[in-house]
Structures are given as C-alpha cells and as structure tokens.
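J.: The sequence shown: position 455 = 435 (this note's numbering), numbered continuously.
Glycine included, each C-beta is placed from N, C-alpha and C at the ideal position.
Note that the structure is a prediction, hence the values are computed from the model and not measured.
Got a structure for you, questions after.
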Amino acid sequence: MNPLNRATFTIHRVTGTFIAIFFCMWFFTGLVLLYHSFPRLDRSRAMSISDSLPERLAFTDSLPSGLRSLSISSSGARTIVSWSTADTAVVCTPEGKPVGPATYADALQTASRWLDAPIVRVDTLTERDQWIMYSRYIGELPIYKFHYGDKNKSELYVASRSAEPLQFTTLRSRFWSWVGAIPHKLYFPSLRADVDRWKMWLHTGAAICLIASLSGLYIAIFLWVKTRRCTGRWCNPLRGRLMRLHFTLGLIFALPLISWSISGLFALQKVPSWLVPFEGPEYVSSSKLWGRGMTDADKYKLDYATVLNAYPDARIVNYGRIGSIPTIEVSTPDSYLIFDASSSELRPLDIPRQTVEDCVSHLFGEDIPMTIETINEPDNLYYGIKSTPPLPVYRVRLDYPGSPVLYIDPSDGDVTFYNDNRRARKILFSGLHYLNLRVFAGHPGAWYMTLWILCITGIVFCLTSAILGWRYIKRKLRPKNPLI
C-alpha cells in the first residue's frame, strides 16, 4: 500500500473513532429537536399578564415637534411611554412623569401574575446560567429567578431593572433540552458564554466530521475498485459482519455525512464573498428598506384613542413608517396588526407598488432596473415546509450584481431578501443541515420521514464506527510480546 493510502487509512481510523460518538449524539439529539426546542419565553403570555393600555394619554398635546419615535407599552402594572427627537430621548408615564427603575415588588408581582402557584424560592443571579446564556441577557443582570412549588417545577426569570419576564422553563422543557438542544448545539454555559469560543468548537467538530467522512469515502471507493480489478465483480471487500455492514452503510451514507459536516462548517457564519461574490447590501431588513422611527408627525391622522377603542386589549402601540407612509403597529396577546395612519379611520396597511419601487430604488440605486410582480404561490426561494408563508407578496427582482430578489408582504412590510451569497448559504446550511429544500415544501410528513430514516441510519452507522474504533484501539494497546 502506498504512503498516501496508508496515511488515509490512519486518518480515517483516528478521526472516525474520535467523532463517531459525537455523530451518534448529533443524530439522536437532532431527532429530539424536531419536536422539542430550547425553552423560549411565550411573548403572548407575557403581554397577557400586563395591564391594558390607558385609553388616552394625558400629555400628548405637549409632545415636541420633530418626533423621531413614539411607543406606548404595558409592562406588568406599569405603562411606559418612550419618545425621542433628534437630540432628546424620554421614558415617562402616561401622565408625563419620569419612570423610575422597577423594584423587587414589581418583579414579584410579575411572577405572581405569571403562574397561579406558590413561589418557594427566589434567587438573585449576577451571572447568566444554563437557561439565559444569550448575550442579550447581560444588560438585564441582576436577574431574579423565581422557583414555583407546582408539579412542573416551573422557573421564571424576571429582569430586576424592568420587572419584565425574560425566560420560563418547566421540568419537562428542561429535560428535553438536556437530551436535545443542549448537547446538539453545545449549549453549555462555559462554551456558550463566549460566542467566539463556542463557534470555534462547533466548526472544529464539523471539520473533524468532514475529514472522517471524506477519508472514509475515499477508502471505500479504493477498496471497492481494487476488489473489482482482482475478482471482476463489484462486491463487499471486507470480512466480518460488522466490517461489511460498516462498509455498506458507509457507501450509502457518506454523502449525507459529508453534507451535514459542510453545513456545520457554515453554521453561524456567512459564505465568504470571495467564494460567492456580491455587491450592494449584504442583508436587507424591514427597517433598512423602509426606514427607522417615524415619518413627519403631522402625517399621523389616526388617533391613539381610536386604536384603543377598537383594540382595548392592546399592550404595545408603536408609531412607525413604511417609507413615507405613517403607520401604527398594535400588539395584543393574540395578534400583531399594522394600520395606515395617514387616515383618521382604522385602515389595515396595504403597501402600494409605487412605495416598494421608491424604497428599493433608494436602497440599491435610482437607475437599477427592477421587476415587481405579485405572487400568490410559493416559489423556489420563498416557501415553507411545515406551513405556507404569507401570501400574496411582492417579488422584486433587480438587474444588479448578485441577482438580488426581495419578497415583501404588503400587509406588514416584512422583507425576505436573497442574493447569490445568501442563496448559497440557504443551500449550504439550512438545505443540507435540516433538509430545508423546495421538494419538501408543503409536505411535512415526507420531511419528517426522510429525517427519521437518515438519522436512524446515521446512528447505526456511527455505532459500527465506534465499535470498530474501540477494537482498533485495543489492538494498538495490546502488548506485542506479552509475558506469560
């Protein structure tokens, strides 16, 4: 055997033995993730425990001209009004008085409203723990952790500064996270607290998986072709049931393993522009397309009281804009609505085509040719597997480097953006990692079945790898000339 093949065999045995258990874990936990995700606070429930907004604001007549933003929100028993101009930012009560920091009594009230169960213990966290690892929680520290005495062993995290609920877990959600999301995504505080280090571990694991998979595929093809030359038949060249099973599954399963490894390398990172070049915006969000904050204050004809009379359960009223169109966004525990505030009557937002053209031209360039059409069915980029995405939407195609295309929902201004680079990432990550492919759009049953077959096959294959690897290690550790 030549040195290259010998080295490839060694690389495959070492990396395959090391990574087999991790691959087996990833397949099992991936199946769990199909049904149980990492705990996430129910925002609808958070709004439902807050008081309703007042029907009128006492100080609206005294608001200054040149408003850049205005928002009225309910947090527990407190109503907070936030507004800003070019040089001023104010947070106050509906009466115009300054809002002080929340107290422990406010946090306790939030916890009491959240769940009808006795609170048996309260911890004050000065560091993030397992269930509040994201960096967005750093600014909320210290955080109160309320333990309930119910059968579900519920726990609620409440921000000490605002008394807003941040996270909620139960014994069941914590259990499924420990056998699903936490090991699959390496959601351990010692790693996840440092995002760069966490990404490094994820990408290192994916790289080892890719090396093991590619070297294994090379060896399988090499042995298969060599046997064909010697015997004249295409047959399994290995001896022993386990070795033969490993060889067969490896030939069948090598491409899915390589695909998952590549998708792991592109998790949480962009496709390099030198690999898939593009020009213009890398990403287009709703605020980037339409603009942030408010348009001219005198354009807002829709009265706050009119909104509250129609939606007395509103918890957040935000003044915004879609280009030059003034809007009022209303959030209730059950819905999110946007109204065209240029009329004194409640009129749901319906973005005209001209506004879309104006805003896209402003972002990409006035002279860029574009095609705007209304689509009523999903296409090759805009689709969903478990549910159909909002339709109809505008599809905007631009004659621009990178072939950008935008999907715009005229009812709320939501934007989905792709260019060649983002198309590549869609394939390399979501397409390869969890089969977010057009062929499964509208067919969740087939999607689930395919993932189950792939993951079960992967578990069996990785178990054969682990057993063979263990046998290889034992042979290497066995003394060559044992003393008898």
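State the start and end residues of the unbroken alpha helix (DSSP H) segment that holds T68.
T.: Taken as a continuous stretch (DSSP letters only), T68 belongs to no alpha helix (DSSP H), as it is neither H nor E.
J.: Buried or exposed: which applies to D86, given that a residue is buried once 16 or more other Cβ atoms fall within 10 Å of its Cβ?
T.: By the neighbour-count rule (16 or more Cβ atoms within 10 Å), D86 is buried.
J.: Is DSSP giving S271 helix, strand or coil here?
T.: Contrary to the premise, residue 271 reads as Gly rather than Ser in this sequence. G271 falls in the coil class under three-state DSSP.
J.: Suppose you measure from the CA of F(-11) to the CA of N(-18); what does that come to, to the nearest Å?
T.: Straight-line Cα distance between these residues: approximately 11 Å.
J.: In three-state terms, what does DSSP make of A192?
T.: Three-state DSSP puts A192 in a helix.
J.: So, using beta-carbon positions, are M113 and A173 closer together than 8 Å?
T.: Cβ distance < 8 Å, so M113 and A173 count as in contact.
J.: So, is S170 buried or exposed, given that buried needs 16 or more other C-beta atoms within 10 angstroms?
T.: Exposed, since its Cβ has fewer than 16 Cβ neighbours within 10 Å.
J.: What three-state label does DSSP hand Y316 in the structure shown?
T.: Strand, per DSSP.
J.: Around the C-beta of W450, are 16 or more other C-beta atoms found within 10 angstroms, so that it is buried, or is it exposed?
T.: With fewer than 16 other Cβ atoms within 10 Å, it is exposed.
J.: When we look at the beta-carbon of I355 and count the other beta-carbons within 10 Å, is it buried (16 or more) or exposed?
T.: It is exposed - the Cβ of I355 has fewer than 16 other Cβ atoms within 10 Å.
J.: In terms of residue numbering, what span does the alpha helix (DSSP H) encompassing F344 cover?
T.: Start and end: 333 to 344.
J.: Just verifying my parser: in three-state terms, what is the DSSP assignment at S311?
T.: Correct three-state label for S311: strand.
J.: Identify every residue that forms a DSSP beta bridge with I355.
T.: I355 pairs with V373.
J.: Which partner residues does P381 have in the DSSP bridge list?
T.: In the DSSP output, where bridge partners are listed per residue, P381 has none listed.
J.: Are there 16 or more other CB atoms within 10 angstroms of the CB of I302, so buried, or fewer, so exposed?
T.: Classification for I302: buried.
J.: Ordered along the chain, which non-local residues of its own chain (more than five positions away) have a Cβ less than 8 Å from that of Q89?
T.: So the list reads G56, A57, A143, once near-sequence residues are dropped.
J.: State the DSSP-derived secondary structure class of T150, mapped to helix, strand or coil.
T.: Of the three classes helix, strand and coil, the one that applies to T150 here is coil, per DSSP.
J.: Closest to P328 by CA distance: which of V373, L317, G230 is it?
T.: Taking only the C-alpha atoms, the option nearest P328 is L317.
J.: For I464, which of helix, strand or coil comes out of DSSP?
T.: Only weak support is given to the placement of I464: the predicted model assigns it a pLDDT of 48, under 50, and the value that follows is read from those uncertain coordinates. Note: I464 maps to coil in three-state DSSP.
J.: Taking Y128 as part of the alpha helix (DSSP H), name the residues at either end of that continuous run.
T.: Counting along the chain, Y128 falls outside any alpha helix (DSSP H), though it belongs to the beta strand (DSSP E) covering 123 to 128.
J.: Out of P370, S241, N399, state which residue places its alpha-carbon closest to the alpha-carbon of Y380.
T.: Nearest C-alpha to Y380: N399.
J.: For I453, count the other beta carbons within 10 Å of its own beta carbon; 16 or more makes it buried, fewer makes it exposed. Which is it?
T.: By the neighbour-count rule (16 or more Cβ atoms within 10 Å), I453 is not buried but exposed.
J.: Could you tell me whether the Cβ atoms of R295 and P306 are closer together than 8 Å?
T.: Cβ distance not < 8 Å, so R295 and P306 don't count as in contact.
J.: Return the residue from the list T368, T275, D359 that minimises the CA-CA distance to H66.
T.: Sequence inspection shows Ala at residue 66; the His mentioned does not correspond to that position. It is T275 whose Cα lies nearest to the Cα of A66.
J.: Please report the residue range of the alpha helix (DSSP H) in which N399 lies.
T.: Run containing N399: none; DSSP gives neither H nor E here.
J.: What's the call for Q147, buried or exposed, on a 16-neighbour Cβ count within 10 Å?
T.: By the neighbour-count rule (16 or more Cβ atoms within 10 Å), Q147 is buried.
J.: Quick one: grab the DSSP three-state call for M350.
T.: Three-state DSSP puts M350 in a strand.
J.: Comparing alpha-carbon positions, which option in V102, E75, W94 lies nearest Y84?
T.: For Y84, the nearest C-alpha among the options comes from V102.
J.: Flag this pair as yes or no: are the beta carbons of I29 and R93 separated by less than 8 Å?
T.: Yes, the Cβ-Cβ distance between I29 and R93 is below 8 Å.
J.: Could you compute how far the alpha carbon of A446 sits from the alpha carbon of I(-9)?
T.: For A446 and I(-9), the distance between alpha carbons rounds to 15 Å.
J.: Look up T106 in the DSSP assignment and say whether it is helix, strand or coil.
T.: Of the three classes helix, strand and coil, the one that applies to T106 here is coil, per DSSP.
J.: Please work out which residues of its chain come closer than 6 Å, Cβ to Cβ, to I191, disregarding the five sequence neighbours upstream and downstream, and give them in chain order.
T.: Same-chain partners within the cutoff: T(-5).
J.: Looking only at DSSP bridge pairs, what is L255 linked to?
T.: L255 pairs with nothing; no bridge assigned.
J.: Could you give the C-beta distance for H226 and L13, rounded to a whole number, given that I count them as a contact under 8 Å?
T.: The pair is not a contact, with the Cβ atoms about 26 Å apart (cut-off 8 Å).
J.: Which same chain residues, not among the five before or five after V70, have their C-beta less than 6 Å away from its C-beta?
T.: Cβ within range, chain order: W63.
J.: Short of 8 Å in beta carbon distance, which residues of its chain neighbour I464, apart from the five on each side in sequence? Order them along the chain.
T.: Note that I464 has pLDDT 48, beneath the 50 cutoff, so the model's placement of it is unreliable and the number below is only indicative. So no residue of the chain qualifies.
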